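In the numbering used here, the protein residues as written are 106 to 1373.
What follows is a set of notes on a single structure, which appears directly below.
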């Protein structure tokens, strides 16, 4: 939508105004822009989904009864009785029990005690900030305020009833996780915000009052950015019943606002958030602006006819105050989003007040259009106002009013014919206003008398929108870049540059699954913009460029990263689809020490830097300055020769050396503009000149003069050549010495030690001789394409003038660590890099291999090659020593020469690819640098795909009897000597059992049987625990929790039977279970023995030595990967704190869950299961099981010398069991066999498990035991 901008005078007539919607208004403060929105409403998990719901006229209210599986009826009414029909109806949010705790660095223990309202507020705030195109990480330490409307603490009731918190930490979590004031405080804490943080309880007006408070703080300068909204979760049946018994709720389950049949409201839940900013600053910053808050007001009804009854004079006053604050007449307002609960008392009162205020001066042919979102999603109570505000903003932005539902016959108590109002009983367009921004009012009233009203205005972008009318974009924002200190005084070129041909779309997630899902969301986003992309198949402009810009500067960037480099829509789609196959792996470790390695001679190619010069203003600024200096020195154009023109030869060192210097200085500045700067620099031969310039040794200009002089002087030396010999340094040195003894010339020199090869230089004949000598001995030799013998005696005639060329140059101490070519070591403090240094540098050997060793000693973990092609990368990897603690670094290159059909101007795309690799390596990229010289728009992009998991406190659980052994139950002994332990288990008791789910069903873990057998051994036998030849026969599968026969949490009797065995000193152990009306099912069978611990028991091992050959894996990703195979482990079973693995081997650190309090068992199933979990990491490093599910099958021998401590380590080695020749080669193994060793934190061996076997399991076979 593109309109001219107009304002209106007090008469209500449209009048043009000079600028856009700036600060001018006659109210009490500057207008406030809504720059981002997020929501999680019933049936609408996002803003686009919310508009689709409204546009389609959907009603999200559900009717359910216990056992129906609808909503949360079974949780709200566990006894199956609903006291009032009105309690059957509600508008629920899907998956309220799920939360991505790991994303916000919240432990599973704390997450379980965290009010879902706090969870929703965290996630929705993140989405709203992403909608605003703001990187939440950049807000840390800023004066950003958080204002949350919240009045419901029903989860606290669940926590109190459960008596769950048993330790100090859990008690603190219970308090902080359920306090209403913790909702805003939690957001501020997680995001590091330092503005005001307020929780507002004004009943149903809470969220609107929170917005009002946020607006006031922004207008008064108390905050610079505001996050405002409201949240509501329905979790307590008694609160529901009270509302129904008070006749507040509709017995037929609909909000029939303003209808004759209106008989109460329907409850709903959800969360909505808006991001607010002063309009002038939002426009200046290029923010996307959804709409503008022109005015707001809050009051109370005072001593009205009743505390809960709206007071007409107070309603009139609050609307008039908001209009006055907005500085607009009521007759200019086009639409009213009504409070509209659908009650027989409240509806007429609201309409009377609205008519009295908004009817003044309103013409009959311009009625005020009225609707209420409560007819779609119910009454969200403390989040109701924010839902209405978001709807009103969307109405203004879209220019369309959705249908107001359930309106059949107007409320007869009102004289509608005389009211200048119209209920939007069908979808209709907002009336045009001749270019004037449209206006809407939003009402929100609380049951205790608090009233709030906000006037919101359509935002009209000054230059119109660059895309379709429904694609909201920020104003064009000029991009600024950061340059290194050594060149920051250079002005960027003002001339127009060529359009960049490639873009980088950076994607990231806190897990690989999130990364994959984000790529899928971008593919869907492309599908949603066919019109905007139709003309862009041959171009990345403008929408896709704005997409790349927003994704770079407006998102946080996490450990798991992928970059898609694309030229058009087609290549973008291909790159996104490829991410569907991205493999599981630990996220990259962010490099902490970066070294720039500058390439030397022989790396040049005609056309190098041309694309950068044509498209990158930073590179052009440096190259232009070098060109000016070179012209002054030589009276010719260096760039012409570099780019393939001119009369010079780039293969001539007179041109090559200054060209490399200029390009490498430009690349240094270009990398700096994207935020990548070195802490250490290293050059190879002439490359050290650019390295020294980067370290501030001399200025860009002085370095250019020196490079030009050096190139000219060396080009005038006697002809010679060079060769690379792939032999050891000692062997090459010996041969050179031998040949030089018989030489009658200057002889040969070793000019470089490059680790993989030694470079020899000298007269042509002698190079030919040594080459043939080595080749005859079977040594590979490669002649170098050069007409001069650098770093040899042939250059000595030029050294006096070379040294003198720096006589008048101010040489400064390095500002960065410089590794010298002369020594291969760090330039010492006080060592001057003056003419004398560069004299030796030109003559002596390049000690590159030693320099790489120095990088390793300094702890460098990323080497970035600065030059026109990757030459140093291979040499760096080869020279990296194995003897140091620092592992081999990641090595990246900046540019590559063209090959095949690629253009000689491809280095622009190469640099984009190089930045992509740096991004994927974990470097913090300043994405502004990829858009230098452009003006870009922020646009709406897909939000982060939270990886939610269930975190819920079940307060009403069936429990076992507390009699007998805490795990085995009551002991019985028969006359024949048979011993039986009997207990009863439920899905919810032991309380940790329901956290072990396979294919969605609660299944007893194999570790439960192992712990039971071990406990029997400890109880009945003397000596160490020895459980042998254990076979798992049948799984103990609980019925579905929503079983129609009501058996979801019926108890199962479990018996552990111990009888005689034919084996000496051994007894047979069996474990059975049965449900009500069932026969006994045998689950396991094995033997316990009287025996001593293994001889190695009590021995000590260095745990660090076990870690050395292994790689750490991300535990969160491990559990997500296991969930992908059907094994879903809840918080109690997530006992792995750290895991290290490689194929066939893993080490895990296992801890007893804090939430369970004191561990009363000598062998707890959760600790033993943690050991079994390490097995999965050994089978598949990273926890990836590729949709193949394995479960324990049995073991040969389990022995324990002592009780299992609450923290332990388990070391596992696994191998495949041969399956014969009939198995398909790509088929996963049927059986794995392994050995486990269990250690205490000091490395003392406590026990072991040999012959442990896991077997591939199918869903059908596993669950068949529980289906009958």
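Beta carbons are placed, not taken as given, at the ideal position from N, Cα and C, and that holds for glycine.
A quick note: this is a predicted structure, and the numbers were derived from the prediction, not measured.
Here's the rule I'm using: 16 or more other beta-carbon atoms within 10 Å means buried, otherwise exposed. How should residue 1044 be labelled?
Start at 1 with the first residue of the chain shown, and residue 1044 comes out as number 939. That one is buried.
Confirm, please, whether the CB-CB distance from residue 457 to residue 417 is below 8 Å.
On the chain shown, residue 417 is found 312 positions in, with the first residue counted as 1. On the chain shown, residue 457 is found 352 positions in, with the first residue counted as 1. Yes, they are a contact pair.
Taking DSSP as the reference, what is the three-state secondary structure of residue 917?
Taking the first residue of the chain shown as position 1, residue 917 is located at position 812. Residue state for residue 917 is assigned as coil, using DSSP reduced to three classes.
Alpha carbon to alpha carbon, what distance is there between residue 500 and residue 1022?
Sequence index remark: in the chain shown, residue 1022 carries index 917 (1-based). Sequence index remark: in the chain shown, residue 500 carries index 395 (1-based). Taking the CA atoms as reference points, residue 1022 sits about 43 Å from residue 500.
Using a 10 Å radius around the Cβ and a threshold of 16 neighbouring Cβ atoms, would you call residue 1077 buried or exposed?
Within the chain shown, residue 1077 is the residue found at index 972, counting from 1. By the C-beta density criterion, residue 1077 is exposed, having fewer than 16 other C-beta atoms within 10 angstroms.
Would you identify the three-state DSSP class for residue 650, choosing helix, strand or coil?
Position 545 of the chain shown holds residue 650. Three-state result, residue 650: helix.
Does residue 434 have its Cβ less than 8 Å from a Cβ in chain D?
Looking for chain D here will not work: only one protein chain is present.
Selected residue, minimal CA-CA separation from residue 1084, among 1048, 1055, 1167 and 1172:
Within the chain shown, residue 1084 is the residue found at index 979, counting from 1. Out of 1048, 1055, 1167 and 1172, 1172 has the C-alpha closest to the C-alpha of residue 1084.
Using alpha carbons as the reference points, say which of 400, 801, 1350 and 1304 lies closest to residue 494.
Numbered from its first residue, the chain shown carries residue 494 at position 389. Of the candidates 400, 801, 1350 and 1304, the one whose C-alpha sits nearest the C-alpha of residue 494 is 400.
For residue 1185, does the count of other Cβ atoms within 10 angstroms reach 16, so buried, or fall short, so exposed?
Numbered from 1 along the chain shown, position 1080 holds the residue referred to as residue 1185. Exposed, because fewer than 16 other Cβ atoms sit within 10 Å of the Cβ of residue 1185.
Check for me: the alpha helix (DSSP H) holding residue 1136 runs from which residue to which?
For the purposes of this step, residue 1136 is taken as residue 1031 along the chain shown, with counting starting at 1. Where residue 1136 is concerned, there is no enclosing alpha helix (DSSP H), although the beta strand (DSSP E) it sits in stretches over 1130-1137.
Using 8 Å as the threshold, is the C-beta distance between residue 1189 and residue 1304 below it?
Taking the chain shown and counting its residues from 1, the one referred to as residue 1189 is at position 1084. Taking the chain shown and counting its residues from 1, the one referred to as residue 1304 is at position 1199. Against a cut-off of 8 Å, the Cβ pair of residue 1304 and residue 1189 comes out as no contact.
Taking residue 481 and residue 510 to be in contact with their CB atoms under 8 Å, please state how far apart those CB atoms are, rounded to whole angstroms.
Along the chain shown, one-based indexing puts residue 481 at 376. Along the chain shown, one-based indexing puts residue 510 at 405. The C-beta distance from residue 481 to residue 510 rounds to 6 Å, short enough to meet the 8 Å contact threshold.
Give the DSSP-derived three-state secondary structure of residue 423 in the structure shown.
Start at 1 with the first residue of the chain shown, and residue 423 comes out as number 318. In this structure, DSSP gives residue 423 a helical state, which the three-state scheme calls helix.
Among 889, 837, 849 and 890, which has the Cα closest to the Cα of residue 879?
Residue 879 sits at position 774 when you count from the first residue of the chain shown. The residue with the shortest Cα to Cα distance from residue 879 is 837.
Helix, strand or coil for residue 1201, going by three-state DSSP, please let me know.
Here residue 1201 is taken as the residue at index 1096 of the chain shown, counted from 1. Reduced to three states, the DSSP call for residue 1201 is coil.
Specify, as a first and last residue, the run of the beta strand (DSSP E) that residue 331 falls within.
The sequence position of residue 331 within the chain shown is 226, counting from 1. Counted as a single uninterrupted DSSP element, the beta strand (DSSP E) harbouring residue 331 occupies residues 330-337.
Pick out whichever of 677, 365 and 770 has its Cα sitting closest to the Cα of residue 726.
Start at 1 with the first residue of the chain shown, and residue 726 comes out as number 621. The candidate whose alpha carbon is nearest that of residue 726 is 770.
Contact the segment 904-921 vs the segment 854-874: 3+ CB pairs below 8 Å
As far as the Cβ criterion goes, the segment 904-921 does not touch the segment 854-874, which means the pair count is below three.
Could you round the C-beta distance between residue 488 and residue 337 to whole angstroms and report it? I think they count as a contact, below 8 Å.
Here residue 488 corresponds to residue number 383 of the chain shown, with the count starting at 1. Here residue 337 corresponds to residue number 232 of the chain shown, with the count starting at 1. Rounded, the Cβ-Cβ distance is 4 Å, consistent with contact.
The segment 1102-1121 / the segment 1266-1282 touching (three or more Cβ pairs under 8 Å)
Result yes; three or more Cβ-Cβ pairs closer than 8 Å.
On the DSSP bridge list, what partners appear for residue 59?
The shown model of the chain, from 106 to 1373, leaves out residue 59, and the question about it has no answer.
Using the beta-carbon count (16 or more within 10 Å), is residue 1230 buried or exposed?
Taking the chain shown and counting its residues from 1, the one referred to as residue 1230 is at position 1125. Residue 1230 is buried by the Cβ-count criterion.
Beta-carbon proximity list for residue 262, same chain, < 7 Å, skipping 5 on both sides:
For the purposes of this step, residue 262 is taken as the residue at position 157 of the chain shown. Cβ neighbours of residue 262 beyond the five flanking positions: 341.
Quick one: grab the DSSP three-state call for residue 618.
For this step, residue 618 is matched to residue 513 along the chain shown. Residue 618: helix per DSSP, three-state reduction.
Does DSSP put residue 1063 in a helix, a strand or coil?
For the purposes of this step, residue 1063 is taken as the residue at position 958 of the chain shown. Low per-residue confidence applies at residue 1063: pLDDT is 46, beneath 50, and the placement is therefore not dependable, though the value from the model is reported in the following sentence. In the three-state reduction of the DSSP assignment, residue 1063 falls in the coil class, being assigned neither a helical nor a strand state.
Around the C-beta of residue 59, are 16 or more other C-beta atoms found within 10 angstroms, so that it is buried, or is it exposed?
Because the chain is modelled from 106 through 1373, residue 59 falls outside the range shown and cannot be assessed.
Between the CA atoms of residue 275 and residue 1136 - distance to the nearest angstrom:
Here residue 1136 refers to the residue found at position 1031 when the chain shown is read from its first residue. Here residue 275 refers to the residue found at position 170 when the chain shown is read from its first residue. Rounded to whole angstroms, the gap between the alpha carbons of residue 1136 and residue 275 is 38 Å.
Taking the beta strand (DSSP E) that residue 877 falls in, what are its first and last residues?
For the purposes of this step, residue 877 is taken as the residue at position 772 of the chain shown. Residue 877: not part of any beta strand (DSSP E); member of the alpha helix (DSSP H) spanning 869-881, first to last residue.
Taking all protein chains shown into account, decide if residue 215 is buried (16 or more other Cβ within 10 angstroms of its Cβ) or exposed.
Numbered from 1 along the chain shown, position 110 holds the residue referred to as residue 215. Buried.
Taking the CB atoms as reference points, tell me whether residue 554 and residue 315 lie closer together than 8 Å.
For the purposes of this step, residue 554 is taken as the residue at position 449 of the chain shown. For the purposes of this step, residue 315 is taken as the residue at position 210 of the chain shown. No, the Cβ-Cβ distance between residue 554 and residue 315 is not below 8 Å.
What did DSSP end up calling residue 890 once you bin it into helix, strand or coil?
Translated into positions along the chain shown, residue 890 becomes position 785. Coil, per DSSP.
From 517, 944 and 918, residue whose alpha carbon lies closest to that of residue 933:
Within the chain shown, the letter at position 828 stands for residue 933. If you compare the alpha carbons of 517, 944 and 918 with that of residue 933, the shortest gap goes to 918.
Look up residue 760 in the DSSP assignment and say whether it is helix, strand or coil.
Looking up residue 760 in the chain shown gives position 655. Note: residue 760 maps to helix in three-state DSSP.
Report the option in 1258, 841, 975 and 1281 whose CA atom is closest to the CA atom of residue 1312.
To locate residue 1312, count along the chain shown from 1; it is residue 1207. It is 1258 whose Cα lies nearest to the Cα of residue 1312.
Give a single yes or no on whether residue 194 has its beta carbon closer than 7 Å to a heavy atom of the ligand SAH.
Here there are no bound small molecules, and the ligand SAH is not part of this structure.
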